[in-house]
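Report on the following structure.
The structure is reproduced here in structure tokens:
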């Protein structure tokens with residue numbers, strides 16, 4: 001495993017986003033991901049990537065009001081046109097910045113909506129987005145998010161993700177596997193990886209509980225990282241956690257588990 005990345009949306013938040021690229025390089029990272037990069041222009045991001053010799057490995061499709069407590073877009077009937085527009089925006093950024101993978105957030109079941117129409121809408125939107133992204137040689141992934149942190153999220157665990165992949169039936173679409181969310185859902189993190197690695201296109205990690213850096217919670221990261229390093233997985237593995245202290249002092253895990261990156 002050689003593709004270790006850091007998430008600039010959750011780490012180095014002591015400074016504005018534009019200044020986080022330099023800190024990523026300073027701490028030895030070659031790859032970064034950004035949840036929603038759209039507050040910056042393509043030119044601003046490209047300048048930072050070039051200056052600090054970084055690659056941007058993942059962005060999300062804009063998710064409407066999801067991060068502000070709303071229902072989002074992808075699984076909400078009646079929001080299809082808005083969702084397609086946002087996929088187009090994500091593709092514009094991904095193509096210009098050579099981003100290999102784009103994550104699609106399912107969103108929530110609205111409180112006044114039945115579940116099945118939401119799941120059908122999500123499947124159709126995922127199929128459309130997967131076609132649009134893969135036609136540009138971009139890997140589409142969808143993320144499972146635990147129902148404690150985000151109640152009514154439409155895809156919360158591995159079984160639901162498997163069912164959605166089956167419903168979408170698009171060969172390009174993969175899971176985005178976040179170790180924290182899976183632990184929150186009671187999944188065995190390592191077993192989930194081993195059993196589903198062929199369907200996983202991107203991996204993120206934070207410890208559980210707390211969503212802080214590795215070795216602050218209960219996930220056995222020594223086993224997880226060791227297995228990944230010896231597996232055939234060729235994708236990115238990204239730190240996406242809330243530092244338990246300041247970001248610069250949250251990287252003991254990197255020295256411990258990824259000494260080859262120093």
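Numbering (the UniProt record's numbering), first residue to last: 1 to 262. Don't be surprised by glycine CBs; every beta carbon is placed ideally from N, CA and C. Computed from a predicted model, the values in this text were never measured in an experiment.
Please report how far the alpha carbon of residue i lies from the alpha carbon of residue j, in whole angstroms.
i           : j           : result
residue 61  : residue 219 : 29 Å
residue 249 : residue 27  : 10 Å
residue 58  : residue 129 : 15 Å
residue 255 : residue 214 : 12 Å
residue 191 : residue 142 : 19 Å
residue 82  : residue 120 : 17 Å
residue 19  : residue 11  : 12 Å
residue 262 : residue 149 : Since pLDDT at residue 262 reaches only 47, below the 50 mark, its modelled position is unreliable, and no value is offered.
residue 44  : residue 103 : 21 Å
residue 37  : residue 66  : 15 Å
residue 244 : residue 216 : 8 Å
residue 187 : residue 195 : 12 Å
residue 264 : residue 259 : No information on residue 264 is available, as it lies outside the stretch 1 to 262 that the chain covers here.
residue 23  : residue 115 : 43 Å
residue 151 : residue 50  : 39 Å
residue 108 : residue 17  : 27 Å
Taking a contact to mean a Cβ-Cβ separation below 9 Å, would you say residue i touches residue j in this structure?
i           : j           : result
residue 106 : residue 75  : yes
residue 48  : residue 21  : yes
residue 183 : residue 136 : no
residue 178 : residue 204 : yes
residue 6   : residue 33  : yes
residue 207 : residue 14  : no
residue 46  : residue 96  : yes
residue 63  : residue 72  : yes
residue 165 : residue 193 : no
residue 101 : residue 158 : no
residue 131 : residue 170 : yes
residue 202 : residue 241 : no
Once the 5 residues before and after residue i are set aside, which same chain residues still bring their CB inside 6 Å of it?
i           : result
residue 168 : 123, 126, 127
residue 145 : 153, 181
residue 175 : 161, 199, 200
residue 265 : Past the edges of the chain, shown from 1 to 262, lies residue 265, and the structure says nothing about it.
residue 9   : 34, 35
Skipping 5 residues on each side, what residues in its chain have a beta carbon closer than 7 Å to that of residue i?
i           : result
residue 134 : 140, 172
Pick helix, strand or coil for residue i, following the three-state DSSP scheme.
i           : result
residue 96  : helix
residue 37  : helix
residue 262 : In this prediction, residue 262 scores a pLDDT of 47, lower than 50, which makes its location untrustworthy; the coordinate-derived value is nonetheless stated afterwards. DSSP places residue 262 in coil when its eight states are reduced to three.
residue 155 : coil
residue 150 : coil
residue 101 : strand
residue 53  : coil
residue 169 : coil
residue 201 : strand
residue 174 : strand
residue 189 : helix
residue 3   : coil
With a CB to CB cut of under 8 Å and the five nearest residues on each side skipped, what residues in its chain are close to residue i?
i           : result
residue 25  : 52, 53, 54
residue 98  : 55, 56
residue 42  : 92, 93, 96, 97
residue 113 : 76, 77
>> Quick test of the definition: if touching needs 3 or more C-beta pairs under 8 Å, does the region 232-244 touch the region 90-99?
In response: no
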